[in-house]
Amino acid sequence: MDQPELCFIGGGNMAASLIGGLIADGYPADRIRVADPDPARLQALAQRFGVTTEADNARACRGAGVVVLAVKPQVMGAVARALGPDLTPDRPLVISIAAGIRTGDLARWLGAELPLVRCMPNTPALVQSGATALFATAATSEAQRELAESILRAVGLTLWLDDEALMDAFTALSGSGPAYFFLLMEAMAAAGEELGLEAEAARLLTLQTAFGAAKMALEAEEEPAELRRRVTSPGGTTERALAVFESGGFRELVAAALQAARDRSRELAEQLGRD
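The sequence shown maps to residues 0 to 274 in numbering that gives the first Met the number 0.
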């Protein structure tokens, strides 16, 4: 069975990552179109992936079975309103990867009850190691859900949410999460330098340690708590370091940070939805 015509509205980094992942998985490049107002970006995508490019959104979407809205959240309202009349007759699956845009607002801007899937890939999707939450509206068929999942799976792990409100929790944990780990890496590398290591050595050791720990946690059958216990010898160096973390309220600080991120996600969704 032929793959459906796939149209990306917006050709930025996340769209390019998805296109690269799809093509690496065998999706035909000649069935992918990209619309973007930047000629240089379109030229780069055409040269890199062999996809069809178009400056006009409406022309790019004609006949497409799937339309991926990959524009900035601040312009989503204007883009969706302009596209709505062109999408309504064919009723393609519409996938939004714009952060903070709720399906109710998107449907209102499109002006029709189209099949909608809201997705939030986090930034490691740029290196095909992302985590993506998905939420589908009632107008979306099971086949369309599977199609949306297959597209987002090209850049990493996917997880369906039954309640769209949980997208704010996903944003706090996984959407913003890479920055938390980058902050820890930054702090560890700096502390390594203070202990006498060369800057490059401290950086490389920090990054490889983070990578190794994540790989172990992903591949192990045990929970992270058990892996932590196995590394922590009684009276040893790790136990001493972890005691400092715990005495500083590490767990409570992490919980408070995620709650703050979730609350801000809700605020931003309200603001963006007023358009």
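Glycine included, C-beta positions come from ideal geometry on N, C-alpha and C. Since the structure is predicted, the reported quantities are computational estimates derived from the model, not experimental observations.
When the Cα of residue i is compared with those of the options, which residue comes out closest?
i, options, result
"GLY49", "GLY19, GLY9 and LEU105", "GLY19"
"LEU5", "LEU156, ARG61 and ALA39", "ARG61"
"SER140", "GLY129, ARG30 and VAL93", "VAL93"
"PRO36", "LEU21, ARG117 and VAL74", "VAL74"
"LEU105", "PRO88, ARG80 and ASP89", "ARG80"
"ARG281", "TRP108, SER95 and ALA142", "Only positions 0 to 274 of the chain appear in this structure, which leaves residue 281 out of reach."
"GLY11", "PRO3, ALA28, ALA39 and ARG30", "ALA39"
"ALA69", "ARG265, ALA242, ARG261 and GLY9", "GLY9"
"GLU269", "MET119, ASP167, ASP29 and ALA256", "ASP167"
Can you say whether residue i is buried or exposed, counting buried as having 16 or more other CB atoms within 10 angstroms of its CB?
i, result
"ARG250", "exposed"
"ASN56", "buried"
"SER246", "exposed"
"ASN121", "buried"
"THR205", "buried"
"TRP159", "exposed"
"SER232", "exposed"
"GLY99", "buried"
"LEU217", "exposed"
"ALA164", "exposed"
"PRO91", "buried"
Tell me which residue opens and which closes the alpha helix (DSSP H) that residue i is part of.
i, result
"GLU112", "Where GLU112 is concerned, there is no enclosing alpha helix (DSSP H), given that its DSSP letter is neither H nor E."
"ILE18", "12-23"
"ALA97", "Looking at the DSSP string, ALA97 is not in any alpha helix (DSSP H), and its letter there is neither H nor E."
"ALA137", "Counting along the chain, ALA137 falls outside any alpha helix (DSSP H), and DSSP gives it neither H nor E."
"VAL70", "Element bounds for VAL70: n/a, residue is neither H nor E."
"LEU182", "176-193"
Starting from residue i and walking both ways along the beta strand (DSSP E), at which residues does that stretch end?
i, result
"THR52", "51-53"
"ALA201", "No beta strand (DSSP E) contains ALA201, which is instead part of the alpha helix (DSSP H) from 198-218."
"ALA34", "31-34"
"LEU5", "5-8"
Please name the residue or residues paired with residue i in a DSSP beta bridge.
i, result
"GLY155", "GLY129"
"ARG117", "SER95 and PHE134"
Using only the heavy atoms of the ligand GTP, determine whether one of them is closer than 8 Å to the beta carbon of residue i.
i, result
"LEU41", "With respect to the ligand GTP, the structure offers nothing, as it holds no ligand at all."
Three or more C-beta pairs below 8 Å linking the segment 145-152 and the segment 161-180
no
Three or more C-beta pairs below 8 Å linking the segment 121-128 and the segment 153-161:
yes
Tell me whether the segment 22-38 and the segment 76-91 touch, counting them as touching only if at least three CB pairs, one residue from each stretch, are closer than 8 Å.
no
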